[in-house]
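A.B. asks:
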Amino acid sequence: MSDKEPVISVHDLPLTFKVKYLGKRPAKGLWGMKHTRRPVEYMVAEAKNMPSNVILPIVRLTVNRDGIQMVNITDKHVKSETVRFCVDAISYGVQDLVYTRVFSMIIVTDDTLDNGVPFECHSFVCESKDQARRITYALAACFQDYGKRVKADGKERAVRKFAIDLRTPEEQAAASDGETEA
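Each residue of the sequence shown is one higher than the last, beginning at 1 in the UniProt record's numbering.
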């Protein structure tokens, strides 16, 4: 980790960020950049083709010990529902290697038989690549805390795996060597 990498621990949580919600698309796998690249490419292309008078929803994204919460704040006069992604449903989080201002996460959905795809990729356009990096590190702190709590709890649980990719976009690109599907 370089000197300028953000150091975020569970004690820094909750952290709140103002970002644009790019959307969600089905993902083909539980974790890995190869399962976020194609959905991100699709969502970015969709956003670029939007009419000029339509904007992406602005959301308040909060990373806390229990996961991630998202509230639409585009229209301050309309009260929006809070969307919660529990830490045990988030399987992967990453700063995109091509669109470095994009943070993406894979969510394990409960409706695995309804649409045949148990994974969704949710993506957010951040104000800067540093903000996307901070969200990634905040989620890493959340994962680390969750792992410690589960271990301390000692109860039998269904094992769920999760991953966070803390490599810089440059390191990801160097390591990918054709790993992505996009």
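We treat Cβ as the ideally placed atom computed from N, Cα and C, and that holds for glycine.
In this text the structure is predicted, and so the values were computed from the model without any measurement.
Span of the alpha helix (DSSP H) holding residue 135?
C.D. replies: Segment 129-153, the alpha helix (DSSP H) holding residue 135.
A.B. asks: Residue 74 to residue 154, Cα distance in whole Å?
C.D. replies: Each residue's alpha carbon lies about 42 Å from the other.
A.B. asks: Would you call residue 82 buried or exposed, if buried means 16 or more other Cβ atoms sit within 10 Å of its Cβ?
C.D. replies: Residue 82 is exposed by the Cβ-count criterion.
A.B. asks: Could you tell me whether any non-hydrogen atom of the ligand SAM is closer than 7 Å to the CB of residue 79?
C.D. replies: Of the ligands one can find in the structure shown there are none, so the ligand SAM has no counterpart to examine.
A.B. asks: Below 6 Å CB to CB, which residues in the same chain sit around residue 1 once its five sequence neighbours on both sides are set aside?
C.D. replies: Residue confidence is low: residue 1 scores 48 on pLDDT, short of 50, so the model does not pin down where it sits. No coordinate-derived value is stated.
A.B. asks: Using a Cβ-Cβ cut-off of 6 Å (strictly less than) and excluding sequence neighbours within five positions of residue 182, which residues of its own chain qualify?
C.D. replies: Note on residue 182: pLDDT 49, under 50, position unreliable in the model; the coordinate value appears next. Excluding residues within five positions, the ones whose Cβ falls inside 6 Å are 37, 38, 41.
A.B. asks: Please confirm if the segment 46-59 is in contact with the segment 97-105, defined as three or more CB-CB distances below 8 Å between the two stretches.
C.D. replies: Touching, no, given that fewer than three Cβ pairs across the two stretches are closer than 8 Å.
A.B. asks: According to the neighbour-count rule (16 or more other Cβ atoms, all chains shown, within 10 Å of its Cβ), is residue 117 buried or exposed?
C.D. replies: Flag for residue 117 reads exposed.
A.B. asks: Going straight from the alpha carbon of residue 76 to that of residue 58, what length do you get?
C.D. replies: One C-alpha to the other measures close to 10 Å.
A.B. asks: Give me the residue from 169, 22, 32, 56 with the minimum Cα distance to residue 43.
C.D. replies: Checking every option, the nearest Cα to that of residue 43 belongs to 22.
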